[in-house]
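Visitor: The following block contains the structure, expressed as structure tokens.
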Amino acid sequence: MVDASPPADISPEFSQSALDALDDVHRFAWSLARNAADADDLVQETFLRAFRSWRTFLPGSDIRRWLFTICRNAYLRSREREQRYTTLENDEGETMPAVEQRAAWLREGVDVALLRLDLKPAVERALDALQEPFRSAVILVDLEDHSYDDASAILGVPVGTVRSRLFRGRRILQEHLMAFARDAGLPGARHD
Amino acid sequence: MIDDHSSSPTAGTLSCADAIATLWDYLDGELSPEREAAMRAHLAACGPCLHHHEFERAFLDAVATARTSDPAPPALRSRVIEMLRAQGLLP
Chain A
-19 MVDASPPADI SPEFSQSALD ALDDVHRFAW SLARNAADAD DLVQETFLRA FRSWRTFLPG
41 SDIRRWLFTI CRNAYLRSRE REQRYTTLEN DEGETMPAVE QRAAWLREGV DVALLRLDLK
101 PAVERALDAL QEPFRSAVIL VDLEDHSYDD ASAILGVPVG TVRSRLFRGR RILQEHLMAF
161 ARDAGLPGAR HD
Chain B
453 MIDDHSSSPT AGTLSCADAI ATLWDYLDGE LSPEREAAMR AHLAACGPCL HHHEFERAFL
513 DAVATARTSD PAPPALRSRV IEMLRAQGLL P
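As you go down the protein sequences, you meet chains A and B in turn.
In this text, residue positions in the first sequence follow our numbering: the first is -19, and each later residue adds one.
In this text, residue positions in the second sequence follow our numbering: the first is 453, and each later residue adds one.
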């Protein structure tokens, strides 16, 4: 347990800029947790940890990125039992099967689902089901519009690992969406 | 295997295999300016690769529908501030 610093010891600029980022942290927390109650808990946990360790923030650096790192770490700690992904990190050689799968979808005609169907409910379900570490990479890049470099800094992993997690996560989402398109009876989509 | 459609002089210097392998980097704006220009030239000349590109762009647009732009609930902001005050971390 870290002792709370007295209020006067915390830079007012830090307090203000951290609280200014609360909407961003909440949006990120909601994307990770996928429900309001857990997202609220995550936001509170993030700000508590951030204010307790405010001296570790480098003035002039991106406070939003720093808070996202704290938020993501808090999220992982809350779901430690789901951290079963270390053996899935290296996906060398995955590119070709991914390309072949996409080519198969294009031949099937199932790709038109992406243009014709309202996919938002399916995307949300697929994100709910997506596990770490892929989930954080997809959320940071695809929902929060971070660059691979930013995501690398937030996640504390090399850019190549971000790319690998992102690509794997997207493939998993695509499989969910294509299954949804088939279940929706989209013309041209065949059941195997 | 990926069919190579780049035998046409207009397909540019990038092979189909290279173009497909870096499609997501291209869509994410992560390629160098030179590589991005080569990709644009390739896609302008190669229909099959353009089809892959359109698929992935549509997919990323679909994923983006899950974005939320809602601000944090005012009650949450109040709870955070109250909590920090209770911990002696805000005046």
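Where is the CB? At the ideal position from N, CA and C, for every residue including glycine.
Does the structure place the region 74 to 94 of chain A close enough to the region 129 to 142 of chain A that three or more beta carbon pairs sit under 8 Å?
Guide: no
Visitor: So with Cβ pairs under 8 Å, would you call P545(B) a contact of chain A?
Guide: No answer is possible for residue 545(B): the residues shown for chain B start at 453 and end at 543.
Visitor: Quick one: list the residues of chain A neighbouring H504(B), beta-carbon separation under 9 Å, in chain order.
Guide: Within 9 Å Cβ-Cβ: V79, R82, A83 and L86.
Visitor: Please determine if the region 43 to 63 of chain A and the region 11 to 30 of chain A are in contact, where contact requires at least 3 C-beta pairs separated by less than 8 Å.
Guide: Between the region 43 to 63 of chain A and the region 11 to 30 of chain A, the count of C-beta pairs closer than 8 Å reaches three or more; the two stretches touch.
Visitor: Indicate whether at least one CB of chain A lies closer than 8 Å to the CB of M535(B).
Guide: It does; some Cβ of chain A falls within 8 Å.
Visitor: Using a Cβ cut-off of 8 Å (strictly closer), state whether E482(B) contacts chain A.
Guide: True, the Cβ-Cβ gap to chain A drops below 8 Å.
Visitor: Is the region 114 to 129 of chain A in contact with the region 29 to 40 of chain A, if contact means three or more CB pairs nearer than 8 Å?
Guide: no
Visitor: Let me know the secondary structure DSSP gives P113(A) once reduced to three states.
Guide: Note: P113(A) maps to coil in three-state DSSP.
Visitor: Applying a beta-carbon distance threshold of less than 9 Å, which residues of chain B neighbour V103(A)?
Guide: A514, V515, A516, T517 and A518
Visitor: Only counting the same chain, and skipping five residues up and downstream in sequence, which positions put a Cβ closer than 8 Å to that of A164(A)?
Guide: A93 and L97
Visitor: Using the three-state DSSP reduction, which class does Q154(A) fall into: helix, strand or coil?
Guide: helix
Visitor: What are the start and end residues of each continuous alpha helix (DSSP H) run of 4 or more residues lying completely inside the region 466 to 527 of chain B, in chain order?
Guide: 468 to 473, 475 to 479, 485 to 497 and 499 to 516
Visitor: Starting from F27(A), find everything on chain B with Cβ-Cβ shorter than 7 Å and list it in chain order.
Guide: V532 and L536
Visitor: Can you give me, in chain order, the residues of the region -8 to 6 of chain A that have a beta carbon less than 7 Å from any beta carbon in chain B?
Guide: S(-5), L2, D3 and H6
Visitor: Between which two residues does the alpha helix (DSSP H) containing L23(A) stretch?
Guide: Per the sequence shown, residue 23(A) should be read as Val rather than Leu. Run containing V23(A): A16 to R32, per the alpha helix (DSSP H) assignment.
Visitor: Once the 5 residues before and after L107(A) are set aside, which same chain residues still bring their CB inside 8 Å of it?
Guide: S11, R14, R115, V118, I119 and L153
Visitor: Quick one: which chain B residues come within Cβ less than 8 Å of D122(A)?
Guide: L512, V515 and A516
Visitor: In this structure, how does DSSP classify F37(A) when only helix, strand and coil are distinguished?
Guide: coil
Visitor: Helix, strand or coil, according to DSSP, for A161(A) in the structure here?
Guide: helix
Visitor: Quick one: is L542(B) near chain A, going by C-beta distance under 8 Å?
Guide: Output row for L542(B): interface = yes.
Visitor: When the Cα atoms are used, what is the spatial distance from L528(B) to P543(B)?
Guide: 18 Å
Visitor: For chain B, is any of its Cβ atoms less than 8 Å away from the one on D21(A)?
Guide: no
Visitor: Work out the CA separation of S(-3)(A) and K100(A) for me, nearest whole Å.
Guide: Distance from the CA of K100(A) to the CA of S(-3)(A), rounded to the nearest whole angstrom, comes to 33 Å.
Visitor: If I measure Cβ to Cβ from F48(A) and keep anything under 6 Å in the same chain, skipping five residues before and after, which residues do I get?
Guide: F8 and I134
Visitor: Just to make sure I have the definition right: I need the residues of chain A whose C-beta is within less than 7 Å of the C-beta of L528(B). Which are they?
Guide: H6, D20 and V23
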